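Undergrad: One structure follows; several queries about it will come next.
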Amino acid sequence: MTALLEVRELTKRFGGLSALGGVDFHIDQGEIVSLIGPNGAGKTTFFNLVSGMYPPDQGEVRFWDEEIGGLSADQITKLGIARTFQNVRLFPNMTVLENVMVAQHCRTNRGVLAALFRTPAFVREEAEIRERAKETLAFFGTRLVGYRFEQHASSLSYANRRRLEIARAVATQPDLLLLDEPTAGMNPRETQELTELIAKLRDDQGFTIVVIEHDMRVVRDVSDRVVVLDHGVTIAQGSYEVVSQDEGVIEAYLGRPTTGERPAESPAGI
Amino acid sequence: MTASTVAVAPPRGLLSEVQPRKVLMWGLVGGIAAVFISAIGMLEIFDRRKIIDPFLNLGYAVLLWIPLYLGYSSSKRPVLEGIEPPRPGAHNVVAGAVTGALSGLITGTFLVIADLVNLRGILINLTPRTLELLGPGEEPVTGALILIAAAAVVGTLGGALHLLPPRYLSALWTGMLWVFLVAFLELLIGNVLRQVGLIGVDGLIYQPSRGLTPVAALLVFAGAIAFKLTLATRASQVFSRFEEIPDTGRRRIMLGLALLLLALGSYLPSLLGTLLNELLSNVGLFILLALGLNIVVGYAGLLDLGYVAFFAVGAYTTAILTSPRSPKITPELAFFEALPWVLLMAAIAGLIIGTPVIRMRGDYLAIVTLGFGEIARLLFLSDWLDNVFGAAQGILGISPLGTSGSGIRVNFGYVVAAAGIIVLIVGFLRWREAGRIERAEADPIPGVSYSTGPGMAMMVGGIAAIAGGLAFPTFLTWTVIGINPPSMFRIILVFVAIAAFVSWRLEGSRVGRAWMAVREDEQVAQTMGVNTVTNKLLAFVMGAMLASFGGALFAVKLGTIFPHSFEIVQSIIILVVVIVGGMGSLRGVALGAVVLIGILGGPTQPGLLREFGEFKLLLYGAILVWMMLQRPEGLLPSARRARELHEEEEFQDAWLQPRAAAPAESGGGQ
Chain A
792 MTALLEVREL
802 TKRFGGLSAL
812 GGVDFHIDQG
822 EIVSLIGPNG
832 AGKTTFFNLV
842 SGMYPPDQGE
852 VRFWDEEIGG
862 LSADQITKLG
872 IARTFQNVRL
882 FPNMTVLENV
892 MVAQHCRTNR
902 GVLAALFRTP
912 AFVREEAEIR
922 ERAKETLAFF
932 GTRLVGYRFE
942 QHASSLSYAN
952 RRRLEIARAV
962 ATQPDLLLLD
972 EPTAGMNPRE
982 TQELTELIAK
992 LRDDQGFTIV
1002 VIEHDMRVVR
1012 DVSDRVVVLD
1022 HGVTIAQGSY
1032 EVVSQDEGVI
1042 EAYLGRPTTG
1052 ERPAESPAGI
Chain B
665 MTASTVAVAP
675 PRGLLSEVQP
685 RKVLMWGLVG
695 GIAAVFISAI
705 GMLEIFDRRK
715 IIDPFLNLGY
725 AVLLWIPLYL
735 GYSSSKRPVL
745 EGIEPPRPGA
755 HNVVAGAVTG
765 ALSGLITGTF
775 LVIADLVNLR
785 GILINLTPRT
795 LELLGPGEEP
805 VTGALILIAA
815 AAVVGTLGGA
825 LHLLPPRYLS
835 ALWTGMLWVF
845 LVAFLELLIG
855 NVLRQVGLIG
865 VDGLIYQPSR
875 GLTPVAALLV
885 FAGAIAFKLT
895 LATRASQVFS
905 RFEEIPDTGR
915 RRIMLGLALL
925 LLALGSYLPS
935 LLGTLLNELL
945 SNVGLFILLA
955 LGLNIVVGYA
965 GLLDLGYVAF
975 FAVGAYTTAI
985 LTSPRSPKIT
995 PELAFFEALP
1005 WVLLMAAIAG
1015 LIIGTPVIRM
1025 RGDYLAIVTL
1035 GFGEIARLLF
1045 LSDWLDNVFG
1055 AAQGILGISP
1065 LGTSGSGIRV
1075 NFGYVVAAAG
1085 IIVLIVGFLR
1095 WREAGRIERA
1105 EADPIPGVSY
1115 STGPGMAMMV
1125 GGIAAIAGGL
1135 AFPTFLTWTV
1145 IGINPPSMFR
1155 IILVFVAIAA
1165 FVSWRLEGSR
1175 VGRAWMAVRE
1185 DEQVAQTMGV
1195 NTVTNKLLAF
1205 VMGAMLASFG
1215 GALFAVKLGT
1225 IFPHSFEIVQ
1235 SIIILVVVIV
1245 GGMGSLRGVA
1255 LGAVVLIGIL
1265 GGPTQPGLLR
1275 EFGEFKLLLY
1285 GAILVWMMLQ
1295 RPEGLLPSAR
1305 RARELHEEEE
1315 FQDAWLQPRA
1325 AAPAESGGGQ
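As you go down the protein sequences, you meet chains A and B in turn. The C-terminal residue of the first sequence carries number 1061 in this note's numbering, and the numbering is unbroken. The C-terminal residue of the second sequence carries number 1334 in this note's numbering, and the numbering is unbroken.
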């Protein structure tokens, strides 16, 4: 397998705080990788660097074997990386359909004059954008279709907002999908559904997916590989079973016991 | 027990529902407001405008409006879900009366003081006539007592309004609004009636002083109330049915209505006199400018306070290119030959100003654009460039038409040829697309059918139009003369239509969606693949180009331009028009210009009510403050914008909803 995304020595500092201190790892095409770690480990910073919201201080980010560190967010999206946000950030006053339509901006190119005179190419492109938006939303079952198309994103339920955010990211037609805590705040049934959906996104649509996740059942069910970050460095990677037994990981989550021996078994949830 | 407290509030004392702090506050506000409008001389000047002759003039209407409105407000409770408001009753009336009396007391005290001490050294507008009006012709003390009594009575009425069912209350407001509107529009209505030969009707409605006759006022009042109570619900039903029509059908109806409006608009000038036509062209000019700013502020969310710079660039480019008396460069082009260059210069100016400021956000952007607006004006004013722009002397003799001064000669042959070019290109594209679909080289487009026939017909028609237009360029000509307002208004209307068309087409396109996304959340828009820099620049440039249309027409209208015409207040007024009308809404922007520029008047242009002239900026400010408090989304908002601004209130009320549901259930159980 070829490495789709390769990160070497990735470093980001905010003032004196080193959010990422030389992260190395790679993501192969067609993989689902979970990125886990305690709060403040640098997971979201990693996403922000890869998706171009901040430039990295040092190190390289290679996508399709091409350096993308320092490109702007829209250029990176155009190259094929899309993301969702930990705190859902939809366009709240645009309709569900418009949210997904606007995400196809970088895949379409009709400009002002075409729009003014409604040239056939413009009409065709608009129809295609609309059609593709509907198809993308249909992937999420019946939740975001029909009358929901014209509803405003702000009127959706929390779980539906998360789904819409994923749909919006999918609509940019990426190769690599970065999902930042997709199941946060969902109930167990919704979480289960979304777990299956993430697997389906890979199997049916062929996306490579990186998930930041705190729910260890999701991590267990969905990931081919788990990467653990702590204090801005990778402390472990491998299959879920390997990582969940790793002493360094357990320590990162629970801290070093001050007295007595370390727990023999890994605590529930890790 | 919980149920009983909700269902029947225990009887309490009459006064326990009166909120003394609120009454005191509104009473003070009322008193200060009344003193303020008297002291600045508003009362005296507004006194000249009759509303209902001989009973009411604008001065007293404003003065009495204060206790009426505040008497109503002082016992108004915010509607909160889940909290039972106190029943309307005597306490409302008492609160209203006290508020009114308090504000009257302050005004009366002021009257007495003003009589004892000479305040004119400080308040130069506090004329004896104002004092005479305040205490209606009586001795100061008697006058003050009359003032207190009148304010208390009106305040009582205001409080008593709470006793009316909401339906009748809103009908009452509507009735009052219409009486004022018909009185304010006397010039317009009188003009139209005279032109259609119904001068007798005019005599029935208006007194020679141009106030309404009491009978006419009563009829208008009763008619508006009757309409509101009977037909208004049906009208709103029709409207909601219209809203349910699918998008394409609705767009077609809207387009039809717009064309009808355009036809009516181009007929309107022949019904009106010079003064009103002048006013209409000013309104049109401001609609044009506001439509341009609406793209920048309303669609893309970039607060541009230096918008007048683009207006100036349009005006100066037109002046330099068309005037034989421009200081240095005198190509002496015709207006339409100059227009492409005007657009180009505006686009370049948009890029020059836009590029450095586009990376800023919100307040910073506003301040920097404000600075650039002033820089542009100072460049036109500077002695350094006086051999190009003429410095303070400006440029005279713009777009001359022989002896008739500035103007525009429209040769319809060229118009037909230009339209032919567009039809030819669109026809060719359709023909090609249809051919591809027929040869199965491309998939058919869902919901649209192209066939080669109409495409071919459009191409032939286009070529014919180009050939015909160029062969007979002057088969029909129309001369627009700057100092002839009807013709000026018509050509402004054409450009307004173009601007509205551009805005409308862009709003629903890929570019429009990108602007919307940038307005909602710039960072996320960028992460979703929208190139924010180019799209924001594009909004800037589109806005600049529409403003330059306005500038070009403005230059021709006046025939001379000076840097003085492009002061910062112009930018502010255009922005106020957009805000008051409703950001992002084409109808709203047009209505905003009609109301503000038409009735109050523009920065230098008089409006329908000349009495407002001196207090124009004060009134602009007051309207803006009131709008921000009561209707931040504007008069005719776009649905999207309205939600954006009321979102927080909905969130604030959200916590109340479970509580609202609970007592209702237990109450129903009893």
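In this text, a Cβ means the ideal position worked out from N, Cα and C, and glycines have one as well. Small disclaimer: the values here were computed from a predicted structure and weren't measured.
Anything in chain B within Cβ reach of residue 869/A, meaning under 7 Å, just list it in chain order.
TA: Contact annotation for residue 869/A against chain B: 1193 [CB-CB distance below 7 Å, chain order].
Undergrad: When DSSP builds the beta bridges, which residues end up paired with residue 1029/A?
TA: 1017/A
Undergrad: If you follow the alpha helix (DSSP H) that residue 696/B is in, where does it begin and where does it stop?
TA: 684-703
Undergrad: Taking 8 Å as the threshold, find out whether the stretch 839-849 of chain A comes into contact with the stretch 864-881 of chain A through three or more Cβ pairs.
TA: Per the Cβ contact rule, the stretch 839-849 of chain A is in contact with the stretch 864-881 of chain A (3 or more Cβ pairs under 8 Å).
Undergrad: Any idea if residue 1037/A is buried or exposed, counting beta-carbon neighbours within 10 angstroms, 16 or more meaning buried?
TA: buried
Undergrad: Runs of 4 residues minimum, wholly inside the stretch 873-908 of chain B: which ones carry the alpha helix (DSSP H) assignment?
TA: 878-908
Undergrad: Could you tell me which chain B residues have their CB closer than 7 Å to the CB of residue 864/A, listed as they occur along the chain?
TA: 1190 and 1191
Undergrad: Between residue 738/B and the rest of its own chain, which residues show a CB-CB distance below 6 Å, the 5 nearest in sequence each way excluded?
TA: 686, 687, 690, 759 and 763
Undergrad: If contacts are defined as beta-carbon pairs under 8 Å, then residue 1272/B and residue 1263/B qualify, I think. What distance do you get, rounded to the angstrom?
TA: 5 Å
Undergrad: By the DSSP assignment, the alpha helix (DSSP H) with residue 1165/B in it spans what residues?
TA: 1149-1171
Undergrad: Residue 969/B by DSSP, collapsed to three states: which one?
TA: Of the three classes helix, strand and coil, the one that applies to residue 969/B here is coil, per DSSP.
Undergrad: Out of curiosity, what's the CA-to-CA distance linking residue 1230/B and residue 1047/B?
TA: The alpha-carbon atoms of residue 1230/B and residue 1047/B are separated by roughly 17 Å.
Undergrad: Once you ignore the five residues that flank residue 835/A on each side, which residues in its own chain have a CB closer than 8 Å to its CB?
TA: 877, 971 and 1003
Undergrad: Could you check the C-alpha separation between residue 776/B and residue 1237/B for me, to the nearest Å?
TA: 39 Å
Undergrad: Put residue 1245/B into one of helix, strand or coil per three-state DSSP.
TA: Secondary structure of residue 1245/B (DSSP, three-state): helix.
Undergrad: Just curious, the alpha helix (DSSP H) that residue 865/A is in, first and last residue?
TA: 864-870
Undergrad: Interface residues of chain B around residue 1039/A at Cβ under 8 Å?
TA: None at all; the shortest Cβ gap to chain B is about 33 Å.
Undergrad: Is it the case that the stretch 955-970 of chain B contacts the stretch 1269-1286 of chain B, given that we only count it when at least three CB pairs across the two stretches are under 8 Å?
TA: no
Undergrad: Quick one, are the C-beta atoms of residue 1187/B and residue 975/B less than 8 Å apart?
TA: In this structure, residue 1187/B keeps its C-beta atom at 8 Å or more from the C-beta atom of residue 975/B.
Undergrad: So, does the stretch 968-986 of chain B touch the stretch 1211-1226 of chain B, judging by three or more C-beta pairs under 8 Å?
TA: Yes, since at least three Cβ pairs between the stretch 968-986 of chain B and the stretch 1211-1226 of chain B fall closer than 8 Å, the two stretches touch.
Undergrad: Would you kindly work out how many angstroms separate the C-alpha atoms of residue 1167/B and residue 995/B, rounded to a whole number?
TA: 32 Å
Undergrad: How big is the Cα-Cα spacing for residue 1178/B and residue 1202/B?
TA: 11 Å
Undergrad: Quick check: the Cα distance between residue 828/B and residue 822/B, rounded to an integer number of angstroms?
TA: 11 Å
Undergrad: Under 8 Å, with one C-beta from each stretch per pair, do the stretch 882-898 of chain A and the stretch 927-946 of chain A reach the 3-pair mark?
TA: yes
Undergrad: Please state if the CB of residue 707/B and the CB of residue 806/B are separated by a distance shorter than 8 Å.
TA: no
Undergrad: So, for residue 941/B: in the same chain, excluding its five sequence neighbours on each side, which residues have a beta-carbon less than 7 Å away from its beta-carbon?
TA: Within the same chain, Cβ atoms closer than 7 Å to the Cβ of residue 941/B are found at 933, 1149, 1150 and 1153, the five residues on either side in sequence being excluded.
Undergrad: Suppose only complete runs of 4+ residues qualify. What are the alpha helix (DSSP H) ranges in the stretch 1014-1099 of chain B, listed by chain order?
TA: 1026-1045 and 1050-1053
Undergrad: With distance defined between alpha-carbon atoms, name the residue in 817/B, 844/B and 824/B nearest to residue 1336/B.
TA: Only positions 665 to 1334 of chain B appear in this structure, which leaves residue 1336/B out of reach.
Undergrad: To the nearest angstrom, report how far apart residue 930/B and residue 927/A are at their CA atoms.
TA: 47 Å
Undergrad: How about the stretch 959-968 of chain A and the stretch 895-905 of chain A: do they share at least three Cβ pairs that are nearer than 8 Å?
TA: Using a C-beta cut-off of 8 Å, the stretch 959-968 of chain A makes contact with the stretch 895-905 of chain A, since at least three inter-stretch Cβ pairs fall below that distance.
Undergrad: What residues are listed by DSSP as bridge partners for residue 716/B?
TA: 720/B and 876/B, per the DSSP bridge assignment.
Undergrad: Where does the unbroken beta strand (DSSP E) through residue 797/A begin, and where does it stop?
TA: 794-805
Undergrad: With 8 Å as the threshold, decide whether the Cβ of residue 960/B is near any Cβ in chain A.
TA: no
Undergrad: Can you say whether residue 894/B is buried or exposed, counting buried as having 16 or more other CB atoms within 10 angstroms of its CB?
TA: By the neighbour-count criterion, in which 16 or more other beta carbons inside 10 Å mark a residue as buried, residue 894/B falls on the exposed side.
Undergrad: Within 10 angstroms of its Cβ, does residue 1190/B collect 16 or more other Cβ (buried), or is it exposed?
TA: buried
Undergrad: Would you kindly work out how many angstroms separate the C-alpha atoms of residue 623/B and residue 734/B, rounded to a whole number?
TA: Any question about residue 623/B goes unanswered here, given that chain B covers just 665 to 1334.
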